[in-house]
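See structure below.
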Amino acid sequence: MRTTLLRGCLFGCLFGCTGAIGSAPGEPSLEPPGGPQGPGAPPTLARCDDAEVVPSATPLRRLTSREYRETLATLFAPVALPSVRLAEVPSEFDTDVSVQGVDNAVVESARVGAEEVATAAVADPRWLGCDVEREDCVSAFVDEFAPRLLRRQLSEAESDRIALALRRNDLGGPQASLQVVLEGLLQSESFLYRPEVGDPSLAAPEGFRALSGPEVATRLSYLLVGGPPDAALLARADTLTDTDPLRETANELLARDELAGVEAFHRMWMNLERLDLVDLSASTRGSLKMSVERTLEDAFRSANVDEPFAERVFADSTAYVNGELASLYGVDATGDELAPVSLPDARGGLLTQPAMLLAMSGGLSNHPVHRGVFVLERILCREVPDPPESEEIDPALGSESTGLDPEGIYTLRERIEAATDREECASCHDDINPIGFAFEIYDNESGVQDVDEGLPVDASGAFDGLPFRDAVELSEQFADSSRVASCVATQWFRFSQGRHETSEDGCAIRNAAVNLQESGDPKEMLLAFITSPAFRLIPAEDFE
Numbered sequence: 035m036r037t038t039l040l041r042g043c044l045f046g047c048l049f050g051c052t053g054a055i056g057s058a059p060g061e062p063s064l065e066p067p068g069g070p071q072g073p074g075a076p077p078t079l080a081r082c083d084d085a086e087v088v089p090s091a092t093p094l095r096r097l098t099s100r101e102y103r104e105t106l107a108t109l110f111a112p113v114a115l116p117s118v119r120l121a122e123v124p125s126e127f128d129t130d131v132s133v134q135g136v137d138n139a140v141v142e143s144a145r146v147g148a149e150e151v152a153t154a155a156v157a158d159p160r161w162l163g164c165d166v167e168r169e170d171c172v173s174a175f176v177d178e179f180a181p182r183l184l185r186r187q188l189s190e191a192e193s194d195r196i197a198l199a200l201r202r203n204d205l206g207g208p209q210a211s212l213q214v215v216l217e218g219l220l221q222s223e224s225f226l227y228r229p230e231v232g233d234p235s236l237a238a239p240e241g242f243r244a245l246s247g248p249e250v251a252t253r254l255s256y257l258l259v260g261g262p263p264d265a266a267l268l269a270r271a272d273t274l275t276d277t278d279p280l281r282e283t284a285n286e287l288l289a290r291d292e293l294a295g296v297e298a299f300h301r302m303w304m305n306l307e308r309l310d311l312v313d314l315s316a317s318t319r320g321s322l323k324m325s326v327e328r329t330l331e332d333a334f335r336s337a338n339v340d341e342p343f344a345e346r347v348f349a350d351s352t353a354y355v356n357g358e359l360a361s362l363y364g365v366d367a368t369g370d371e372l373a374p375v376s377l378p379d380a381r382g383g384l385l386t387q388p389a390m391l392l393a394m395s396g397g398l399s400n401h402p403v404h405r406g407v408f409v410l411e412r413i414l415c416r417e418v419p420d421p422p423e424s425e426e427i428d429p430a431l432g433s434e435s436t437g438l439d440p441e442g443i444y445t446l447r448e449r450i451e452a453a454t455d456r457e458e459c460a461s462c463h464d465d466i467n468p469i470g471f472a473f474e475i476y477d478n479e480s481g482v483q484d485v486d487e488g489l490p491v492d493a494s495g496a497f498d499g500l501p502f503r504d505a506v507e508l509s510e511q512f513a514d515s516s517r518v519a520s521c522v523a524t525q526w527f528r529f530s531q532g533r534h535e536t537s538e539d540g541c542a543i544r545n546a547a548v549n550l551q552e553s554g555d556p557k558e559m560l561l562a563f564i565t566s567p568a569f570r571l572i573p574a575e576d577f578e
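Here it is as structure tokens:
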């Protein structure tokens with residue numbers, strides 16, 4: 035019996051859900067001006083005027099641990115740096131400013147990191163490119179390295195103070211002075227944060243201020259490359275306040291072999307850290323994560339109007355598999371390297387692959403409620419409230435909570451339907467259950483099944499009024515869904531802006547979604563967003 039799977043997993047029976055499947059807070063209506071197109075027809079996306087594509091807020095961003103490590107590795111290459119990280123609170127995206135508060139743990143992790151990195155850097159000064167005991171090396175540090183570290187030009191007073199500190203003899207010599215200076219800079223607000231004040235001399239709509247060229251370069255680099263702008267990008271930073279040079283530069287970055295920012299987005303969007311909860315070897319979990327990452331990277335880089343990104347992700351039956359994963363995926367594969375293989379007919383799209391089935395359930399077997407919530411939140415951008423921790427519903431057979439015959443045999447779907455068949459549960463589970471049940475064609479180990487407890491599996495349901503037979507057909511509907519395109523754009527907005535959207539951000543998201551649907555290419559979607567006012571403006575009220 036699997037009744038234990040249901041304890042503590044039923045969502046929202048005391049807290050109601052609101053909104054239609056696929057709606058996101060602040061997102062404008064997707065319906066055309068004439069209203070819905072009829073039963074079963076997905077809504078269409080309409081483009082906003084460019085003047086409406088403006089940001090509603092620009093919160094102060096702190097480097098994430100991921101960005102912190104990449105920034106240090108870039109600045110001090112080729113030094114072998116210690117493994118350091120900033121204290122963080124888990125969140126959907128690590129860029130979310132709502133979890134970037136400063137407490138003792140953050141301050142202490144920054145202090146320890148600064149000391150350890152400075153010690154390693156001083157012991158191996160190849161990053162400096164000169165002898166710190168020479169006067170010209172001190173000047174080079176002040177004029178070249180410190181501005182790179184702070185991602186801005188130094189004021190005259192700052193330059194004088196750093197130069198004076200580097201020449202102090204009472205600290206134990208030039209190298210000791212260098213270490214003290216580095217420790218201070220690596221704990222400074224200008225390094226740990228990404229302040230944006232804009233350039234008042236640049237033209238901007240009333241109520242907004244345009245970002246300076248270096249600020250745009252910094253946003254662009256951390257978004258796509260996952261680290262600070264390099265010397266080449268900084269050299270052309272002042273041109274990035276114009277649309278055409280910005281698009282050209284962004285296009286060049288998107289063509290790079292390494293796009294750590296994009297890869298980080300994909301990992302967090304699909305919440306691959308949940309695979310760490312699955313009882314598998316570390317090697318297998320690592321291969322499963324890389325399988326998903328390769329699938330998304332391939333779709334991101336090669337999607338186009340003929341093979342759209344959503345179709346590649348949700349309808350393609352190709353997966354990256356090695357010998358270690360072959361039995362999980364039910365295919366023939368050998369060797370350690372991941373290679374593309376065609377999956378059996380019972381699988382179609384990333385969500386039906388074992389890696390994602392395990393990630394969605396978070397190690398809790400074939401858990402339809404967790405899988406339904408995952409799809410609603412990650413693929414459709416529907417917020418689902420957490421269940422109250424004090425309330426655990428146990429749909430034990432024969433109990434009043436289910437009304438099922440204690441002597442009967444029931445499928446997991448029947449047990450969950452019985453446990454959630456009451457008014458206070460319906461507002462959430464009417465949406466959660468059908469999506470989650472679609473994946474009941476896969477068993478505890480994510481293999482294919484057609485019976486459960488000896489009874490036929492029923493994985494059917496409906497999405498946007500259109501029926502589906504199982505997860506494969508549901509995924510095919512996602513490939514053509516405007517709601518899914520809107521959610522992909524919404525997730526990128528959250529990742530890039532470090533916050534959830536408001537109603538004033540609706541047009542920025544809508545236009546990105548329209549661009550994704552028209553081009554089929556997420557790179558084109560990002561290019562359109564990067565060159566839009568929403569990416570290059572900040573509200574002027576922040577400086578009033």
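Quick note: to get our numbering, add 34 to the position in the sequence shown (first position is 1). Just so you know, even glycine gets a beta-carbon here, dropped at the ideal spot from N, CA and C. Predicted model only: the values in this text are computed from it and were never measured.
Short Cβ contact (8 Å threshold) for residue i with residue j
| i | j | result |
| --- | --- | --- |
| residue 462 | residue 522 | no |
| residue 410 | residue 466 | yes |
| residue 115 | residue 107 | yes |
| residue 442 | residue 471 | no |
| residue 345 | residue 505 | no |
| residue 133 | residue 143 | no |
| residue 250 | residue 280 | yes |
| residue 498 | residue 517 | yes |
| residue 567 | residue 87 | yes |
| residue 285 | residue 554 | no |
| residue 283 | residue 301 | no |
| residue 485 | residue 475 | no |
| residue 103 | residue 123 | no |
| residue 229 | residue 573 | no |
| residue 217 | residue 148 | yes |
| residue 176 | residue 193 | yes |
Cutoff 8 Å; reference residue i; Cβ partners in own chain excluding five residues on either side
| i | result |
| --- | --- |
| residue 317 | 358 |
| residue 227 | 94, 95, 96 and 97 |
| residue 131 | 93, 94, 95, 96, 532 and 533 |
| residue 367 | 355, 356, 357, 359, 360, 373 and 375 |
Residue environment, residue i, which counts as buried when at least 16 other CB atoms sit within 10 Å
| i | result |
| --- | --- |
| residue 136 | exposed |
| residue 575 | exposed |
| residue 454 | buried |
| residue 56 | Residue confidence is low: residue 56 scores 40 on pLDDT, short of 50, so the model does not pin down where it sits. No coordinate-derived value is stated. |
| residue 370 | exposed |
| residue 72 | Confidence at residue 72 is low in this model, with a pLDDT of 35, below 50, so the placement of that residue should be treated as unreliable; the coordinate-derived value is given next. Exposed, because fewer than 16 other Cβ atoms sit within 10 Å of the Cβ of residue 72. |
| residue 400 | buried |
| residue 525 | buried |
| residue 200 | buried |
| residue 353 | buried |
| residue 549 | buried |
| residue 187 | exposed |
| residue 416 | buried |
| residue 172 | buried |
| residue 198 | exposed |
| residue 315 | exposed |
| residue 336 | exposed |
Same chain, Cβ closer than 7 Å to residue i, neighbours up to 5 away in sequence not counted
| i | result |
| --- | --- |
| residue 298 | 100 and 260 |
| residue 351 | 376, 377, 381 and 382 |
| residue 393 | 304, 305, 306, 308 and 309 |
| residue 140 | 120 and 121 |
| residue 145 | 221 |
One or two residues paired with residue i in a DSSP bridge
| i | result |
| --- | --- |
| residue 486 | 489 |
| residue 495 | 502 |
| residue 571 | 244 |
| residue 374 | 354 |
| residue 227 | 96 |
| residue 476 | 482 |
Beta-carbon proximity list for residue i, same chain, < 6 Å, skipping 5 on both sides
| i | result |
| --- | --- |
| residue 489 | 445 |
| residue 272 | 247 |
| residue 538 | 90 |
| residue 165 | 171 |
Contact belief for residue i with residue j at Cβ below 8 Å, rounded distance in angstroms
| i | j | result |
| --- | --- | --- |
| residue 532 | residue 93 | 6 Å |
| residue 287 | residue 254 | 7 Å |
| residue 546 | residue 563 | 5 Å |
| residue 109 | residue 152 | Incorrect: roughly 11 Å between the Cβ atoms, too far for contact. |
| residue 356 | residue 373 | 7 Å |
| residue 244 | residue 257 | Contact doesn't hold; Cβ gap of about 18 Å is too wide. |
| residue 480 | residue 391 | 4 Å |
| residue 293 | residue 329 | 15 Å between Cβ atoms; not a contact. |
| residue 402 | residue 473 | 6 Å |
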